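Its first residue numbered 283, the sequence shown is counted upward by one per residue in my numbering.
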Amino acid sequence: MNKKIVRISALFVLISTCALAQKKGVVLTGTNELEEVVISDSKFALPKEKSGKVIVKITAEDLKKRPGQSVATVLSTVAGVEINGNQSGAGKDLKYSIRGGRNRQTLILIDGVPVTDASGTTIEYDLRLIPVEQVESIEVMKGAASTLYGSGAATGVINITLKKAEKKAIAGNVYLNVGTQTTAQEKSNSVQEYNQGFSFNGKTEKFNYFGSLNSSEVSGMSQARPASDLEKFEDDSFSRVNSLVKFGFTPTKQLSFDFFANYDRLKYDFDADSFADDLYNYSKSDQYRIGFSPKYKYNKGELVVNTAAGLIERGSFSYGSLSNYKSRNVSADAFNKYQINAELFVIGGAQYQFFDMSISSLYTNLANELTTFNLIDPYVTAVYNSDFGLNINAGARLNVHSRYGSNFVYNINPSFSFSEIPLKLVSSYSTAYITPSLYQLYDMTYGNLDLEPERNSTAEAGFELDLLDKKINLNAVAFYRQENNSIIFVSAGYDNIQGKYNARGVETMLSYALNNQLTLRGNYTFTQVEDALSLYIPKHKANASVEYQPTSRTFFNVSYQYVDQKSDALFDPITYDQTRIVTAAYQLLNATARYELIKNRMTVFAAATNILNKDFYEVIGYSTRGRNFKLGLNISL
Numbered sequence: 283m284n285k286k287i288v289r290i291s292a293l294f295v296l297i298s299t300c301a302l303a304q305k306k307g308v309v310l311t312g313t314n315e316l317e318e319v320v321i322s323d324s325k326f327a328l329p330k331e332k333s334g335k336v337i338v339k340i341t342a343e344d345l346k347k348r349p350g351q352s353v354a355t356v357l358s359t360v361a362g363v364e365i366n367g368n369q370s371g372a373g374k375d376l377k378y379s380i381r382g383g384r385n386r387q388t389l390i391l392i393d394g395v396p397v398t399d400a401s402g403t404t405i406e407y408d409l410r411l412i413p414v415e416q417v418e419s420i421e422v423m424k425g426a427a428s429t430l431y432g433s434g435a436a437t438g439v440i441n442i443t444l445k446k447a448e449k450k451a452i453a454g455n456v457y458l459n460v461g462t463q464t465t466a467q468e469k470s471n472s473v474q475e476y477n478q479g480f481s482f483n484g485k486t487e488k489f490n491y492f493g494s495l496n497s498s499e500v501s502g503m504s505q506a507r508p509a510s511d512l513e514k515f516e517d518d519s520f521s522r523v524n525s526l527v528k529f530g531f532t533p534t535k536q537l538s539f540d541f542f543a544n545y546d547r548l549k550y551d552f553d554a555d556s557f558a559d560d561l562y563n564y565s566k567s568d569q570y571r572i573g574f575s576p577k578y579k580y581n582k583g584e585l586v587v588n589t590a591a592g593l594i595e596r597g598s599f600s601y602g603s604l605s606n607y608k609s610r611n612v613s614a615d616a617f618n619k620y621q622i623n624a625e626l627f628v629i630g631g632a633q634y635q636f637f638d639m640s641i642s643s644l645y646t647n648l649a650n651e652l653t654t655f656n657l658i659d660p661y662v663t664a665v666y667n668s669d670f671g672l673n674i675n676a677g678a679r680l681n682v683h684s685r686y687g688s689n690f691v692y693n694i695n696p697s698f699s700f701s702e703i704p705l706k707l708v709s710s711y712s713t714a715y716i717t718p719s720l721y722q723l724y725d726m727t728y729g730n731l732d733l734e735p736e737r738n739s740t741a742e743a744g745f746e747l748d749l750l751d752k753k754i755n756l757n758a759v760a761f762y763r764q765e766n767n768s769i770i771f772v773s774a775g776y777d778n779i780q781g782k783y784n785a786r787g788v789e790t791m792l793s794y795a796l797n798n799q800l801t802l803r804g805n806y807t808f809t810q811v812e813d814a815l816s817l818y819i820p821k822h823k824a825n826a827s828v829e830y831q832p833t834s835r836t837f838f839n840v841s842y843q844y845v846d847q848k849s850d851a852l853f854d855p856i857t858y859d860q861t862r863i864v865t866a867a868y869q870l871l872n873a874t875a876r877y878e879l880i881k882n883r884m885t886v887f888a889a890a891t892n893i894l895n896k897d898f899y900e901v902i903g904y905s906t907r908g909r910n911f912k913l914g915l916n917i918s919l
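This is the structure:
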C-alpha cells in the first residue's frame, strides 16, 4: 500500500472533520471510564482488589496522556519491564525483558490471543508491528503464567486490548503528528517522522464495527553509530502500514460473536553490525491475522472460544543475498467460567496451537513439512474470594507437545485484603515451561535437534497499600526466579546451559494524587541476574513523573527515567565470538503538553524527549535518539 495514499487520505479526513467539528460542537462522551478490573490473572474481569497479583494496567486515559509514544516506549516505564532498543532508531530490533528474562519468556496477547512469529529465532512477537493508536489498554502481569497461557509465559504476560466500537451509531477519529529524528551529535530540527491515520466505528443494539488505518514513516538516523564523530553513515528508513477491521454481532443478551482481520506491513533498513554501515541491507514483512470469538453467558457462568490464525511472510537482504521466511500459526482456546457460589468460581479449558515455518536462502532451504509442531493443553484454575479478605487463585495445566510429550505446570497465588486497613498482601509460586523454537531446532546453520525445553519457576511476595482515601497508592513486590536448561546462543549455534540460573529483584511503585490537578508517580526496579543471562538488563531502573491538569482541557507531563549500566556484547561475525562490555548508565528527561481546542473534539499536543540531549548507548555500536520534538493533532467525530 502506498504510504502517500494513506497520508493524503488522512489529511482529507482531517480537513473534513475540522469543518464538521466546528459546525456541530456536540460534546462527546468520554472514551472509557476507568474501571478497577483486571483480566490477565483469570481470563475474566475481576475487581482489582480481589486479584492476587500487582497487575499494572495502562488505561485508555493513561495513553491519552502519552501522545506520540510507541507501545515499546510506554511499556519501558513499567516497573520490572525493560525494552531495550526503544530509544534507538525506529528499525532497531527490540529486546524486551520482564524480571530479567528475554523476549521468548514473555508472552504477548492481543485481545486475549497469543501473537507470534514462528519463523523468528524464538517465536517472539515484534512489538514494532503495532501502532499505539490502535490500542485501548495494556495489562502487564509479571511472573510465570504458563498455567493459564501455556508455553512462553515464563516471566510475564503483556495483554494488549485493541480499540473497539464506541456507544454511537457512527463515530470516527483522525490524527496526524510529525517530529524530528536525530541523534545527540547531529542536532537536526528537520521533520523526519510522520505518523497519520484514521478510524471509524459504530454500535447499534445488535451490531458493532471498527476499522482503522495507520501509516508511519521515519528517517533521519543511521541504525549503526559511527566509531568516530567525523564519520557519517547513511540514514536508515522505516515504514509501517497497519489496517484493522473488527465486527461484532449480539443476537441475544447471552450470545455474542466477534470477528477481526488485520494486515501489518513493515519495512526498514538495517546496518551490517555495531559501528558498521551498510547501504543495501533491508528487511520487510507482511503479517495477516484473522480471528473469531463467540461468547455465551448463562446463569452461572460464561463460555468463551478465542480462535485466530496468522501468516507472516518476511524477507531479509543482507551480506549480498536475500533470505525469505514464512510462518503460520493457529490458536484455538476454549474456556468456561462456572460460578459455584458467591465466593468460588472455576475456569476450565483447553488450548490448541499449531506452528510451522519455512526458510529459503542461499545457505538454507527448509520446507514447512519438516519444521512444524503443535500443542494441546487442558487446564483448570479455581478462584476463591472470601468475604473476610482471603483470596486464592490456584491452577494446573498439562502441556502436551507433539515433540516433547507431556509436561505439567501449576500455580498457587494466595492474597489477603484487610478490612480494617487499606492493605493487601500478595504472594505466589508458579512454574513455566518453554519449548525451543522451530528455528532453534531446525535451522541448518544454528539449529540443534538435541535441545531440551527450558523450565522456570517464580516465587514472589509483596503488598499494596492505599492511603488518604486512595489518593496514595504504594506497592512493592520481591521476586525470585529460577531457570533450568536455559537455551542460549553459543558460537556453534543454540544449546542448553546445564544447571540452574537465578534472577531476583524488587519492584515498587508509588502514586500520589495531591489534588484533582496534580499527581506524582514513580517506580523503582532492582534486578540481579547471573552473568550468563544478564545481557541488556540494568540492575537499577527508576521512573518518575509529574502530571498537572490545571483545567479540564489542559494537561502537562514531565517525566524522568534513570537506566543503570548494562552488560552488552560485541559480536564477531567471522569467529562468532562475543566480547562482553558494559554500557554506561543514562538519564532521560521528557515533557508533554496537551490541549483540547474543541472539547471532546479536537486536541493538539507537543512533546520533547531527551530534553538534556544525553548521549548514550542502549546497544553498543548503535545510535540512540538525542533531543527530539513532536507535534500532533487528533480529531474525534
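No residue lacks a Cβ here, since even glycine has one placed at the ideal position from N, Cα and C.
In this text, all values refer to a predicted model and were calculated from it rather than measured experimentally.
Looking at the secondary structure, which residues open and close the alpha helix (DSSP H) in which residue i lies?
{"i": "D344", "result": "A342 to K346"}
{"i": "S428", "result": "S428 to Y431"}
{"i": "Q722", "result": "L720 to Y724"}
{"i": "V360", "result": "V360 -> no alpha helix (DSSP H), and no H or E assigned at all."}
So which of the options has the shortest CA-CA distance to residue i?
{"i": "S605", "options": "T654, E343, A509 and Y564", "result": "Y564"}
{"i": "G671", "options": "I658, F698 and N693", "result": "F698"}
{"i": "V353", "options": "A451, K335, A372 and V336", "result": "A372"}
{"i": "G573", "options": "S918, N611 and N581", "result": "N611"}
{"i": "K823", "options": "K848, S834, T646 and T429", "result": "K848"}
{"i": "R679", "options": "A873, V662 and G687", "result": "V662"}
{"i": "T807", "options": "S333, A826, G334 and D517", "result": "A826"}
{"i": "E878", "options": "Q831, S719, D638 and A400", "result": "Q831"}
{"i": "S918", "options": "Y457, K445, Y666 and R737", "result": "Y457"}
{"i": "L756", "options": "N767, E765 and G744", "result": "G744"}
{"i": "L644", "options": "A714, N524, D669 and G597", "result": "G597"}
{"i": "A632", "options": "N675, N588 and L648", "result": "N588"}
{"i": "A758", "options": "E734, L705 and T727", "result": "L705"}
{"i": "N766", "options": "G781, K752, A774 and I754", "result": "G781"}
{"i": "V840", "options": "K374, R348, V320 and I365", "result": "R348"}
{"i": "V422", "options": "E406, N441, R835 and T885", "result": "N441"}
Can you tell me whether residue i is buried or exposed, with buried defined as 16 or more other CB within 10 angstroms of its CB?
{"i": "T311", "result": "Bear in mind that the predicted position of T311 carries a pLDDT of just 33, short of 50, making it too unreliable to give a figure here."}
{"i": "S712", "result": "buried"}
{"i": "R862", "result": "exposed"}
{"i": "Q536", "result": "exposed"}
{"i": "N278", "result": "Absent from the structure is residue 278, since the part of the chain shown begins at 283 and ends at 919."}
{"i": "S472", "result": "exposed"}
{"i": "K306", "result": "Model confidence at K306 stands at a pLDDT of 38, short of 50, so the residue's coordinates are unreliable; what they give is reported in the following sentence. K306 should be labelled exposed."}
{"i": "V811", "result": "buried"}
{"i": "V772", "result": "exposed"}
{"i": "P413", "result": "buried"}
{"i": "K881", "result": "exposed"}
{"i": "R907", "result": "buried"}
{"i": "A814", "result": "exposed"}
{"i": "E315", "result": "At E315 the pLDDT is 37, less than 50, meaning the model places this residue with poor confidence; the figure from the coordinates comes in the next sentence. When all chains shown are included, E315 counts as exposed."}
{"i": "S603", "result": "exposed"}
{"i": "Q467", "result": "exposed"}
{"i": "N784", "result": "exposed"}
If I follow the unbroken beta strand (DSSP E) through residue i, where does it start and stop?
{"i": "V682", "result": "L672 to H683"}
{"i": "L749", "result": "E736 to L749"}
{"i": "V568", "result": "According to the sequence displayed, residue 568 carries Asp and not Val. Start and end: Y564 to Y580."}
{"i": "Y645", "result": "Unbroken run through Y645: none, as it is neither H nor E."}
{"i": "E829", "result": "H822 to T833"}
{"i": "L756", "result": "I754 to N766"}
{"i": "F808", "result": "L800 to V811"}
{"i": "F853", "result": "K848 to F853"}
{"i": "K424", "result": "V417 to K424"}
Quick one: Cα of residue i to Cα of residue j, how far?
{"i": "P696", "j": "G677", "result": "12 angstroms"}
{"i": "T532", "j": "D748", "result": "39 angstroms"}
{"i": "F617", "j": "D540", "result": "16 angstroms"}
{"i": "N778", "j": "G729", "result": "12 angstroms"}
{"i": "T717", "j": "Y762", "result": "22 angstroms"}
{"i": "P508", "j": "D553", "result": "11 angstroms"}
{"i": "A867", "j": "G804", "result": "19 angstroms"}
{"i": "R786", "j": "T865", "result": "21 angstroms"}
{"i": "R883", "j": "L391", "result": "31 angstroms"}
{"i": "I924", "j": "P396", "result": "The requested residue 924 is not part of the displayed model; the chain covers only 283 to 919."}
{"i": "Y715", "j": "E736", "result": "6 angstroms"}
Assuming the contact rule is C-beta atoms closer than 8 angstroms, residue i and residue j should be a hit. Round their C-beta distance to whole Å, please.
{"i": "T437", "j": "N693", "result": "Their Cβ separation, rounded to whole angstroms, is 14 angstroms, which puts T437 and N693 out of contact at 8 angstroms."}
Less than 7 angstroms between the CB of residue i and some heavy atom of the ligand NAP, yes or no?
{"i": "L705", "result": "By its list of ligands, the structure shown contains no ligand whatsoever, and the ligand NAP lies outside what it can speak to."}
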